[in-house]
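Residue numbers (the UniProt record's numbering): 1 to 274.
The structure appears right after this line, and notes come after that.
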């Protein structure tokens with residue numbers, strides 16, 4: 001399996017652009033899957049700079065319904081008909097964030113095509129292709145985690161706390177390994193990984209590339225997260241996007257070579273699941 005980071009918060013090489021967002025091209029032996037589209041056309045521009053075509057995709061997976069993961073849809077649509085687009089149930093709802101002054105800011109998908117026949121809604125577990133799966137409806141499985149209360153959904157009097165049940169993980173089985181790609185892990189990265197591992201109990205956790213929403217968390221929360229991740233024992237951890245620089249630095253100190261850094265333009269490959 002090959003992962004190419006097309007959009008991320010950082011860029012460290014000439015010709016690459018950075019933005020607050022995430023987009024990853026996932027390539028297995030037989031399929032090409034675009035996981036998220038960032039918040040603008042940056043993913044497309046970086047792909048062009050890398051000499052990567054996004055015109056023959058087998059699927060698009062949107063990890064959840066936030067602007068920084070779905071904002072590039074409009075650019076993708078400009079190239080012709082969309083491939084199947086897989087979203088978690090509720091991803092297309094109006095999503096907002098409570099600001100410090102109590103006002104609400106829109107953080108949902110900023111643009112959707114009028115023709116949505118390409119969209120497929122996933123609720124729970126779905127086999128996307130052989131050995132490629134989606135799973136959503138992730139529940140909190142660590143007492144130190146949980147979706148921040150500032151995320152809400154709905155309109156008018158129907159506004160309610162958003163449990164982020166639309167967030168879905170991409171799971172790829174490769175030999176004896178289970179690889180996981182995640183957008184933000186709003187429920188918590190430990191909860192997400194425990195959920196994924198429970199679905200494939202015979203597989204060893206391989207590469208994990210994920211935004212982890214750890215920016216600004218307490219030292220106690222971060223320490224507990226790192227301890228729990230170490231217990232899950234992934235071959236390789238790739239913290240990106242909303243994980244936060246300080247959290248990434250602490251993970252690198254704890255996991256050393258098993259923690260890899262990834263910015264826009266980075267290519268990561270697995271060993272075939274051995």
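Glycine included, every Cβ here is placed at the ideal spot set by N, Cα and C.
| Item | Value |
| --- | --- |
| Of the residues 61, 63 and 26, the one placed nearest residue 53, counting alpha carbons only | 26 |
| Whole-angstrom distance between residue 38 and residue 163, CA atom to CA atom | 22 Å |
| Beta-ladder partner(s) of residue 171, from DSSP | 133 and 180 |
| Buried/exposed call for residue 133, threshold 16 Cβ in 10 Å | buried |
| The region 125-142 contacting the region 156-175, beta-carbon criterion three pairs below 8 Å | yes |
| Residue 69 vs residue 36 beta-carbon contact at 7 Å | yes |
| Where residue 48 sits in the DSSP three-state scheme | helix |
| Exposure label - residue 102; buried when at least 16 CB within 10 Å | exposed |
| Opening and closing residue of the beta strand (DSSP E) in which residue 62 lies | No beta strand (DSSP E) holds residue 62; DSSP gives it neither H nor E. |
| Minimum C-alpha distance to residue 86 - residue among 72, 98, 74 and 59 | 59 |
| Burial state of residue 41, where buried means 16 or more other Cβ atoms lie within 10 Å | buried |
| The region 118-130 in contact with the region 200-217 per 3-pair CB rule at 8 Å | no |
| Beta-carbon proximity check, residue 239 vs residue 212, cutoff 7 Å | yes |
| Sufficient close CB pairs (3 or more, under 8 Å) joining the region 180-189 to the region 254-273 | no |
| Cβ-based burial, residue 266 [other Cβ within 10 Å; buried from 16] | buried |
| Reference residue 43, options 5, 67, 155 and 224, closest by Cα | 5 |
| Whole beta strand (DSSP E) elements within the region 231-264, 3-residue minimum | 236-240 |
| Run of the beta strand (DSSP E) containing residue 3, from where it starts to where it stops | 2-7 |
| Candidates 49, 241, 236 and 251: closest to residue 224 by CA position | 251 |
| Residue 360 to residue 95 span [Cα, whole Å] | The chain is shown from 1 up to 274; residue 360 falls before or after that span and cannot be answered. |
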